[in-house]
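Student:
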Amino acid sequence: MKNNIVEEFNAYREKMNEKMLADNNKIIKRIFNLDTNAYMEGVLPKKTKELLGLGNSLVLRCDDCVRYHLEECHKLGLTKEEVVEGMSISLLIGGTIVIPHLRRAFEYWEALEAK
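Sequential numbering from 1 applies to the sequence shown in UniProt numbering.
1) If S90 and V83 are in contact, beta carbons under 8 Å, what's the gap, nearest whole angstrom?
2) What whole-angstrom Cβ distance do L54 and V66 have, given they're in contact under 8 Å?
3) Could you tell me which of E85, E113, N24, E50 sits nearest to T36, measuring between CA atoms?
4) Can you give the Cα-Cα distance for R104 and D63, rounded to whole angstroms?
5) Using only the alpha-carbon positions, how far apart do P100 and A114 sit?
6) Taking 6 Å as the limit between beta carbons, can you name the residues of its chain near F32, skipping five residues before and five after?
7) Our contact map puts L21 next to K29 with C-beta atoms below 8 Å; I'd like the distance itself, whole angstroms only.
8) Pull up the distance between the alpha-carbon of D23 and that of R13, whole angstroms please.
9) Would you say I5 and Y108 are within 9 Å of each other, going by their C-beta atoms?
10) Compute the beta-carbon to beta-carbon distance between L92 and L58, rounded to the nearest angstrom, for a pair I have assumed lies under 8 Å.
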């Protein structure tokens, strides 16, 4: 049976987040809290914020961040077309160095759709 990259990613992320937070470091906890609050509904809708997070993650070449934001976009009901259009802007801004991360983003989106 093929390993599910979505399940693997989420299990690892959850396990490691628990370990980091259990260390009870005030700075780590505050950054986690800031991150949570930043993506809540506000003047900008959560969908827009997640697309911004996805785009910035692609340009910064953070595959874990890309996966996280893709999953949030998927949960929020964004279509593949919306996500791809957003990612195409990131490719334009980030240049061709973003292409490998875009490949992995397409792979992860396919895994999300297959769930």
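Note that the Cβ used here is the ideal one computed from N, Cα and C, for glycine as well.
Tutor: Looking at the coordinates:
1) Within the sequence shown, residue 90 is the residue found at index 90, counting from 1. Within the sequence shown, residue 83 is the residue found at index 83, counting from 1. Rounded to whole angstroms, the Cβ separation of S90 and V83 is 11 Å, and the two are not in contact under 8 Å.
2) Mapped onto the sequence shown, residue 54 falls at position 54. Mapped onto the sequence shown, residue 66 falls at position 66. Contact flag correct, Cβ pair sits at about 6 Å.
3) One-based indexing of the sequence shown puts residue 36 at position 36. Closest by alpha carbon: E50.
4) Start at 1 with the first residue of the sequence shown, and residue 104 comes out as number 104. Start at 1 with the first residue of the sequence shown, and residue 63 comes out as number 63. So the two alpha carbons sit approximately 8 Å from each other.
5) In the sequence shown, counting from the first residue as 1, residue 100 sits at position 100. In the sequence shown, counting from the first residue as 1, residue 114 sits at position 114. Cα to Cα, P100 sits roughly 22 Å from A114.
6) Taking the first residue of the sequence shown as 1, we reach residue 32 at position 32. None.
7) In the sequence shown, counting from the first residue as 1, residue 21 sits at position 21. In the sequence shown, counting from the first residue as 1, residue 29 sits at position 29. Rounded, the Cβ-Cβ distance is 6 Å, consistent with contact.
8) As a working note, residue 23 is residue 23 in the sequence shown. As a working note, residue 13 is residue 13 in the sequence shown. Take the alpha-carbon of D23 and the one of R13: they are about 16 Å apart.
9) Here residue 5 refers to the residue found at position 5 of the sequence shown. Here residue 108 refers to the residue found at position 108 of the sequence shown. A contact, by the Cβ cut-off of 9 Å.
10) For the purposes of this step, residue 92 is identified with residue 92 of the sequence shown, where counting begins at 1. For the purposes of this step, residue 58 is identified with residue 58 of the sequence shown, where counting begins at 1. Incorrect: roughly 11 Å between the Cβ atoms, too far for contact.
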